[in-house]
Amino acid sequence: VPVFPWHSLVPFLAPTQSD
Amino acid sequence: PAPSNPSHFMKGAIIQLATGELKRVEDLQTQDFVRSAEVSGGLKIDSSMVVDIRTSQQRPGLVVLHFTVGEQQSKVTIDVPPEHPFFVFGQGWSSCSPERTAQLYGLACHHLQVGDVCVSITLQQPP
């Protein structure tokens, strides 16, 4: 039975930094 | 052509939390994501609010979701199939088309709406 990591279920949304 | 369905969203799929605990995808709760991010090191959970939902003009069949992400309210846009589930804080799995999600994955979903706050992950900023 395959096991999937929790972080594969939610989007990785990287805010674009502007400083 | 048949859409590619990531099988981790299939009802019954086994998900490993960062604590090592195993849960079925349909049994996950907000705390599972929060705890996992806490113990994983390097990742953090952001709150991403849905501010707009449209059908894609460039890519028929997809929807364009606009989010404001995290404390900085950064604007992020992603294109997804309407059946793609998002985890809404305090509510659980939600998609633009709960009917299609149920058909393709067997996963029960709420209807994703503007104003919903989704779980997303980002890199932890160094202190």
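Chains A and B, in that order, are what the protein sequence lines are.
1 is the number of the first residue of the first sequence in this note's numbering; add one for each residue after it.
1 is the number of the first residue of the second sequence in this note's numbering; add one for each residue after it.
Don't be surprised by glycine CBs; every beta carbon is placed ideally from N, CA and C.
Assign Leu-104 of chain B to one of three DSSP states: helix, strand, or coil. helix
Proximal residues of chain A, C-beta to C-beta of Ser-97 of chain B below 9 Å: What Ser-97 of chain B touches in chain A: nothing, since even the nearest Cβ is about 17 Å away.
Rounding to the nearest angstrom, what Cα-Cα distance links Pro-85 of chain B and Val-39 of chain B in this structure? 24 Å
Nearest CA to the CA of Ile-53 of chain B: which residue from B:Val-76, B:Val-34, B:Ser-47, B:Gln-31? B:Val-76
So, using beta-carbon positions, are Val-1 of chain A and Ser-120 of chain B closer together than 9 Å? Going by C-beta atoms, Val-1 of chain A is not nearer than 9 Å to Ser-120 of chain B.
Return the first residue and the last residue of the alpha helix (DSSP H) that Val-39 of chain B is part of. 30 to 40
Based on the DSSP output, what are the partners of Lys-44 of chain B in its beta bridges? B:Thr-122
Taking all protein chains shown into account, do 16 or more other C-beta atoms lie within 10 angstroms of the C-beta of Leu-17 of chain B, making it buried, or fewer, making it exposed? buried
Strictly by DSSP, which residues pair up with Gln-16 of chain B? A:Pro-5, B:Leu-22
For Asp-52 of chain B, the three-state DSSP class (helix, strand or coil): Three-state result, Asp-52 of chain B: strand.
Between the alpha carbons of Arg-100 of chain B and Gln-124 of chain B, how many angstroms are there, rounded? 34 Å
Could you spell out where the beta strand (DSSP E) holding Gly-92 of chain B opens and where it closes? For Gly-92 of chain B, the enclosing beta strand (DSSP E) stretches over residues 92 to 95.
Based on the DSSP output, what are the partners of Asp-79 of chain B in its beta bridges? Asp-79 of chain B is bridged by DSSP to B:Val-64.
Of the residues B:Gly-90, B:Glu-83, B:Gly-106, the one placed nearest Val-117 of chain B, counting alpha carbons only: Nearest option by C-alpha distance: B:Gly-90.
Can you confirm whether Cys-118 of chain B, when its beta carbon is compared against all beta carbons of chain A, has any partner nearer than 9 Å? yes
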